[in-house]
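This is the structure we're talking about:
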């Protein structure tokens, strides 16, 4: 069974940093586009950052200059380095990946809580 498993979340003070990881398990699929999403309490899930298989990136305006998305294709793993965190970055972070014309995300996610 293909799974994308998120990890690395936690509680951090405003201005702090966290590094999230998204690892693909149960598969040798190579993912094309991949992305990080987040869902804050009472809000819809939103796109945070995207990365293509060639490492072209795109960011939500709210995280530009603070977050960096990257991937290791050999390890089928994607990362999100989050710096200068703000309380409004709080939420559950999910990863998603496109392979064989299907998106494989929406696992458990990883909770990020930024205290002021």
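In this note's numbering, the protein residues as written are 6 to 121. We put the CB at the ideal spot given by N, CA and C, even for glycine.
DSSP state of residue 80 mapped onto helix, strand, coil
On the chain shown, residue 80 is found 75 positions in, with the first residue counted as 1. Secondary structure at residue 80: helix, using DSSP grouped into helix, strand and coil.
Decide if residue 16 is buried, meaning its Cβ has at least 16 other Cβ atoms within 10 Å, or exposed.
If you number the chain shown from 1, residue 16 lands on position 11. Residue burial is scored here from C-beta neighbours: residue 16 has fewer than 16 other C-beta atoms within 10 angstroms and is therefore classed as exposed.
Given residue 82, which residues of its chain have a CB within under 8 Å of its CB, disregarding the five upstream and five downstream residues?
Residue mapping note: residue 82 aligns to position 77 of the chain shown, counting from 1. Residues 26, 27, 28, 29, 76 of the same chain have their beta carbon placed closer than 8 Å to that of residue 82, with the five preceding and five following residues left out of the count.
For residue 93 and residue 45, what's the separation of their Cα atoms in angstroms?
Residue numbering aside, residue 93 sits at position 88 when the chain shown is read from its first letter. Residue numbering aside, residue 45 sits at position 40 when the chain shown is read from its first letter. Residue 93 and residue 45: Cα-Cα distance of roughly 8 Å.
Can you list, in chain order, the residues of its chain whose CB lies under 6 Å from that of residue 12, leaving out five sequence neighbours each side?
Numbered from 1 along the chain shown, position 7 holds the residue referred to as residue 12. So the qualifying residues of the chain are 26, 115.
Look at the alpha carbon of residue 37 and the alpha carbon of residue 49, and state the distance between them as a whole number of angstroms.
Reading the chain shown from its first residue, position 32 is the one you call residue 37. Reading the chain shown from its first residue, position 44 is the one you call residue 49. Rounded to whole angstroms, residue 37 to residue 49 spans 24 Å at the Cα level.
Out of curiosity, what's the CA-to-CA distance linking residue 31 and residue 104?
Position 26 of the chain shown holds residue 31. Position 99 of the chain shown holds residue 104. Within the model, the alpha-carbon separation for residue 31 versus residue 104 is close to 13 Å.
Anticipated Cβ contact below 8 Å, residue 22 with residue 90, distance rounded
As a working mapping, residue 22 is identified with position 17 in the chain shown. As a working mapping, residue 90 is identified with position 85 in the chain shown. Right, the Cβ-Cβ distance comes to about 7 Å (below 8 Å), so this counts as a contact.
To the nearest angstrom, how far is it from the Cα of residue 110 to the Cα of residue 121?
Within the chain shown, residue 110 is the residue found at index 105, counting from 1. Within the chain shown, residue 121 is the residue found at index 116, counting from 1. Residue 110 and residue 121 have their C-alpha atoms spaced approximately 30 Å apart.
Among all the DSSP beta bridges, which residues are the ones paired with residue 12?
Counted from its first residue, the chain shown places residue 12 at position 7. The partner list for residue 12 (beta bridge, DSSP) reads 26.
Quick one: using the 10 Å Cβ neighbour count with 16 as the cut-off for buried, is residue 20 buried or exposed?
Residue numbering aside, residue 20 sits at position 15 when the chain shown is read from its first letter. Counting the other CB atoms within 10 Å of its CB gives residue 20 a total below 16, which places it among the exposed residues.
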